[in-house]
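All residue numbers in the sequence shown are consecutive under the numbering used here, ending with 475.
The beta carbon of each residue, even a glycine, is placed where N, CA and C say it ideally should be.
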Amino acid sequence: MGIAVTVIIPIKNRRGYLLDALAGLSAQTYAEPFEVIVLDNQSQEDIRGAVESFAATAPMPVRYHLMAEDRGPTPARNLGAAMAQGQILAFTDSDCRPHPGWLEHAVAAFDDEDVGLVSGPVLYKPEQTRQLMSKVTAQTLVEHPTYPTANAFYRRKAFEELGGFDEKLCFKDPFDRAVECADSDLAWRVIKAGYRNRFVPEAIIYHEIEQLSFFHWMIEPSRIFVLPLLVKLHPEIRSRMLIWNLFMWRNCIWMYVILIVGIPIVWIFPQALWLAAAAPVAAAIAKTRTVNPVTVVTATGQTVLRAIRVLFMSMALIYGSIRFRSLVL
């Protein structure tokens, strides 16, 4: 019996995360043959050794490929698809661990030939807890309009017909980090081509909650500069995501309230500028619903830091809007 499904994982370093992902794949309840392809973007860690050691005792074939150069995850995913034997292409990331029923439930959703795309929830790893400076990927409890490749399945026919991921949508941010929106773009192109898409609640991926340094935590939102380009390519995303999922995010609302209320007051009454310092304190008290000094001071500091991050996000969106000549709203 031939390979039915190919799981494709791009990676750069993150050896420990990858081993967790492979362990999750080895525990799958899916009954048909499947394979795993790991594509290494020039890691400094010994990814080859980790993969080959795991593959020696794995219940499924696990292949390793070293990319000639690090051009980001998208070219690696495309090469993985070209190397794949399966008719269903399953994409996830090296910092993700699949639930045992991930493949079984997702592949079952391809029972209709018209289905070209299947996605599922992305949840935090249950054994981990969020902290202030955690790199937190948004949980997708329902179908998300960006269709992240942390948890995305494509029928091979649809993938090849649409030309795979568009490698022109891969960029570097000002801090030399790979940033791309090719995953969202392909999903929307598949849907617009007439293929059906399904969201399978049981096809769960658990995502790592990575702890960042202060600097990297602060600049993390700058990756969002590609969003104006994505909205330009697929305007449907505006109504489905932007208003409530991004610009009306809870921490953004506090900043908007402070700006909307504070700026007119300071404009009319310059002597009231000192009230600006009290705004984060008021926001902290409202959020924690307590006047305990330690709690309020801690919450105030977090509110200020998060407001600065929101400012980074806003600056990134302005930069992206200018660069790609597209307004987000």
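As for any beta strand (DSSP E) of minimum length 3 sitting wholly inside the region 219 to 280, the runs are 234 to 237, 242 to 244, 261 to 265, 268 to 270, ordered along the chain. In the displayed model, R161 falls within a helix according to three-state DSSP.
Beta-bridge pairing by DSSP links H380 to no other residue. Taking C-beta atoms as the reference points, E313 and N187 fail to come closer than 8 Å.
Judged by DSSP secondary structure, R217 falls outside any alpha helix (DSSP H); it is assigned neither H nor E. For E198, the enclosing alpha helix (DSSP H) stretches over residues 193 to 201.
Partner residues in the beta bridge of V153, as assigned by DSSP, are V182, A236. Residue pairing of Q357 in beta bridges, as defined by DSSP: S280. When DSSP states are grouped into helix, strand and coil, L457 belongs to the helix group. Between Q274 and D239, the alpha-carbon positions lie close to 18 Å from each other.
The criterion of a C-beta distance shorter than 8 Å is not satisfied by E181 and I155. With respect to Y352, L269 sits close: the two C-beta atoms are nearer than 8 Å. Cβ-Cβ distances below 8 Å link R302 to A227, A230, G232, Q233, I234, L235 in the same chain, with the five nearest sequence neighbours on each side left out; the list follows chain order. In the displayed model, V288 falls within coil according to three-state DSSP, outside both helix and strand. For Y352, the secondary structure class from DSSP, reduced to helix, strand or coil, is strand. R335 carries a helical assignment under DSSP once its states are collapsed to helix, strand and coil.
For the options I355, A324, F305, the alpha carbon positioned closest to that of D331 is the one of F305.
With fewer than 16 other CB atoms across the displayed protein chains lying within 10 angstroms of its CB, V440 is exposed. Just so you know, the alpha carbons of G466 and G262 end up roughly 30 Å apart. Looking at the DSSP output, C316 sits in a beta bridge with E326. DSSP places R301 inside the beta strand (DSSP E), whose first and last residues are 298 to 301.
Nearest neighbour of T175 by Cα position, chosen from G162, R160, V253, turns out to be V253.
Taking the Cα positions, V346 is about 8 Å away from P267.
The beta carbon of M213 sits closer than 8 Å to those of L185, D186, N187, Q188, P221, A222, L225, all from its chain and outside the five residues before and after it, given in chain order. By the beta-carbon neighbour count (other beta carbons within 10 angstroms, threshold 16), W248 is buried. With contacts defined as CB atoms closer than 8 Å, P320 and L463 fail to qualify as a contacting pair. Distance between E289 and V264, taken at the CA atoms: about 10 Å.
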